[in-house]
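Novice: Could you have a look at this structure, given as structure tokens, before my questions?
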Amino acid sequence: MPEGHTLHRLARLHQKRFGRAPVLVSSPQGRFTDGAAAVNGHVFTRADAWGKHLFHHYDGGRVVHIHLGLYGTFTEVPVPLGLPVGQVRMRIVGTEYGTDLRGPTVCEVIAEPEIKQAALAWVPDAMRFAPLPEPAAPEESKAEDMATEAGGENPDDPERPAGLEPDEVEEAA
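Counted the way my numbering counts, the sequence shown spans residues 56 to 228.
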């Protein structure tokens with residue numbers, strides 16, 4: 056199953072290839088005919104992703120919601136596109152590129168406000184809300200932390216002979 060970063064990459068790619076221009080949308084397979092007709096010829100305003108959900112936004116407030124599931128894939132090709140191969144649920148044709156969508160779990164037209172409602176029920180998107188990583192501690196402070204946790208002395212200190220307690224090392228010196 057494609058992970059969230061794959062959907063974010065696809066959103067950026069589709070935005071670059073189709074954004075801000077009218078596109079032709081069809082459903083060669085026939086399972087998305089009404090949805091394709093609703094956005095066909097409209098301006099593809101933007102693409103974005105939320106977790107494993109991809110959204111193609113069109114003028115007029117319509118959005119194609121796609122969830123690739125286990126088998127969904129996009130095939131990207133320059134125009135002109137040949138005849139559809141296999142079960143193409145949705146075909147988008149722009150001025151320079153086209154893409155065929157096969158095997159998605161979800162491919163539906165929704166209204167813009169429905170995205171926000173649905174997002175509340177979905178798992179948070181790590182690509183949008185990833186916390187910043189903690190800065191790495193320098194080696195000295197890591198050794199000090201180990202020493203503190205071990206009772207004040209670092210048991211892995213190379214200057215300490217094996218089997219001797221810290222106070223015995225001082226006496227032996």
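Think of the CB as a built atom: it goes at the ideal place given N, C-alpha and C, for glycine as much as any other residue.
If you reduce the DSSP assignment to three classes, tell me which class Arg75 lands in.
Specialist: Arg75 falls in the coil class under three-state DSSP.
Novice: Just to confirm my understanding: we take Gly141, look at its own chain, exclude 5 residues before and 5 after, and list those with CB closer than 7 Å. What are they?
Specialist: Contacts found: Arg157.
Novice: Runs of 3 residues minimum, wholly inside the segment 84 to 108: which ones carry the beta strand (DSSP E) assignment?
Specialist: Counting only runs of 3 or more, we get 98 to 105.
Novice: Let me check one thing: in DSSP terms, what residues is Arg146 bridge-paired to?
Specialist: In the DSSP output, where bridge partners are listed per residue, Arg146 has Ser81 and Asp155.
Novice: Let's see if you can read the secondary structure: which residues bound the beta strand (DSSP E) around Thr128?
Specialist: Segment Thr128 to Pro133, the beta strand (DSSP E) holding Thr128.
Novice: Which stretch, first to last residue, makes up the beta strand (DSSP E) that contains Val118?
Specialist: Start and end: Arg117 to His122.
Novice: Asp89: buried (16+ other C-beta within 10 angstroms of its C-beta) or exposed?
Specialist: It counts as exposed.
Novice: Going by DSSP, which residues form a beta bridge with Glu163?
Specialist: Its beta-bridge partners are His120.
Novice: Throw me the rounded Cβ distance for the Thr154 and Thr128 pair, which I believe falls under 8 Å.
Specialist: Thr154 to Thr128, Cβ: 10 Å. No contact.
Novice: In angstroms, rounded to a whole number, what distance separates the CA positions of Thr100 and Gly137?
Specialist: Their Cα atoms are separated by approximately 26 Å.
Novice: Going straight from the alpha carbon of Gln70 to that of Gly85, what length do you get?
Specialist: Distance between the alpha carbons of Gln70 and Gly85: 25 Å.
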